[in-house]
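First the structure, in the form of structure tokens, and then the observations on it.
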Amino acid sequence: MIPMTAQEFYIQGNQHRRNGDYQAAMNAYMEAIALDPESPAVEALRMLQDIMNYYCKDVYNP
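Under the numbering used here, the first residue of the sequence shown carries the number 1372, and numbering increases by one thereafter.
Written as structure tokens, this is what we have:
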């Protein structure tokens, strides 16, 4: 099995986000960032965290 690239994790995270699976999206973005700290996943993760902080104050607390 070929390991996924940072770009592939980023794309996967976007797909999860579009499907409403925010936890899986965050996990994929974090994998992308671990492989490439300059990945666009950095901004995507930050935006998703902001959304979660706004809408799910009681549920999401990093």
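Ideal Cβ placement from N, Cα and C applies to all residues, glycine included. Because the structure is a prediction, the values reported are computed rather than measured.
- DSSP places Met-1372 in the coil class of the three-state scheme, outside both helix and strand.
- Here DSSP, grouped into helix, strand and coil, assigns Asp-1421 to helix.
- Between Ala-1399 and Gln-1383 a beta carbon distance of about 4 Å is seen, short of the 8 Å cut, so the two are scored as contacting.
- Apart from the 5 residues on each side of it in sequence, Ala-1377 sits with its Cβ closer than 6 Å to the Cβ of Ala-1403, Leu-1406, Asp-1407 and Ser-1410 in its chain, given in chain order.
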